[in-house]
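Residue 35 in the working numbering sits at position 35 of the sequence shown, and the numbers go up by one each step. Where is the CB? At the ideal position from N, CA and C, for every residue including glycine. Here the structure is a predicted model, which means the values were calculated and not measured. Take a look at the structure below.
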Amino acid sequence: MNVDGADATDNSVNGVRSTVSQEAVDQFQIVTNGYSPEYGRASGAVINIITKTGTNDFHGDVFGYLRNRNFQAVNPFSTVTDPAYTRVQAGTAFGGTLKKNKTFYFFSFETTRRHETGFSSIGSDNFGLVPFDTATTAGGLEPLPFGTIQVTPDQAAFLGPGLFQLAQQSPLTFAALAPVAIPQCKPHRERGPPVWCKVSAAVF
Numbered sequence: 001m002n003v004d005g006a007d008a009t010d011n012s013v014n015g016v017r018s019t020v021s022q023e024a025v026d027q028f029q030i031v032t033n034g035y036s037p038e039y040g041r042a043s044g045a046v047i048n049i050i051t052k053t054g055t056n057d058f059h060g061d062v063f064g065y066l067r068n069r070n071f072q073a074v075n076p077f078s079t080v081t082d083p084a085y086t087r088v089q090a091g092t093a094f095g096g097t098l099k100k101n102k103t104f105y106f107f108s109f110e111t112t113r114r115h116e117t118g119f120s121s122i123g124s125d126n127f128g129l130v131p132f133d134t135a136t137t138a139g140g141l142e143p144l145p146f147g148t149i150q151v152t153p154d155q156a157a158f159l160g161p162g163l164f165q166l167a168q169q170s171p172l173t174f175a176a177l178a179p180v181a182i183p184q185c186k187p188h189r190e191r192g193p194p195v196w197c198k199v200s201a202a203v204f
């Protein structure tokens, strides 16, 4: 990934370091093979992005996108709670000249706000586990020798009999003797609804 001729690839994750706002893109090029020598270290496609610049005339844009959970249709016969998903994306871009034919400027701003379910890190302060070590955390999960984690009653239904290895390199597994009702369900003191339950977990 190149932006204005500079390498914008993060080698640690093999992805782009920063995202360029769509309104700030003037041109882009995708090269799938036959790279010239200027594209070293490329094993897949090369993406070239050229950003906009100001002109002698003033131009600007304002845009927005809204998706709110209240707008989502729900099956009237379903008993499943509508999941939280709200996305707000907005931004602006404008450019012009400070001195005609000599000095130009261009400004772009974009923001995205989301309210949705996701992963949370598991630490000793919240769950009474071993000391939390961010160095061993991967994907938002902390290796769990013994302790409890909190899940909703619907999520608890997936923790049936047997052993579930979440990842080949993760010692986090769940054990359940039989699918039983969990009596410890109660509203979370900070999150509020939905109801949260405690489920035992152990390493094998």
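{"Check": "I believe G95 touches F63 by the beta-carbon criterion, under 8 Å. Please report the beta-carbon distance rounded to the nearest angstrom.", "Outcome": "Incorrect: roughly 15 Å between the Cβ atoms, too far for contact."}
{"Check": "Pull up the DSSP beta-bridge partners for L66, would you.", "Outcome": "V88"}
{"Check": "Here's the rule I'm using: 16 or more other beta-carbon atoms within 10 Å means buried, otherwise exposed. How should N11 be labelled?", "Outcome": "exposed"}
{"Check": "Report yes if the CB atom of V80 is closer than 8 Å to the CB atom of T51, and no otherwise.", "Outcome": "no"}
{"Check": "Using only alpha-carbon positions, find the residue among P76, P83, A93 that is nearest to N68.", "Outcome": "P83"}
{"Check": "Step through the CB atoms of chain D and report whether any lies within less than 8 Å of the CB of L98.", "Outcome": "Within the model displayed, chain D is absent; a lone protein chain is all it includes."}
{"Check": "Using DSSP with H/G/I as helix, E/B as strand and the rest coil, what is V3?", "Outcome": "strand"}
{"Check": "How many Å lie between D61 and F77 at the Cα?", "Outcome": "43 Å"}
{"Check": "Just the C-alpha distance for S270 and T55, rounded to the nearest angstrom, thanks.", "Outcome": "This structure cannot settle anything about residue 270, because the visible part of the chain is limited to 1 through 204."}
{"Check": "Please state whether the Cβ-Cβ distance between V46 and Y35 is less than 8 Å.", "Outcome": "yes"}
{"Check": "Give the DSSP bridge partners of K205, in chain order.", "Outcome": "Residue 205 is absent from the structure shown; the chain starts at 1 and stops at 204."}
{"Check": "Could you tell me how far apart the beta carbons of S108 and E23 are, in whole angstroms, since I believe they sit closer than 8 Å?", "Outcome": "6 Å"}
{"Check": "Kindly indicate which three-state DSSP category Q72 falls into: helix, strand or coil?", "Outcome": "coil"}
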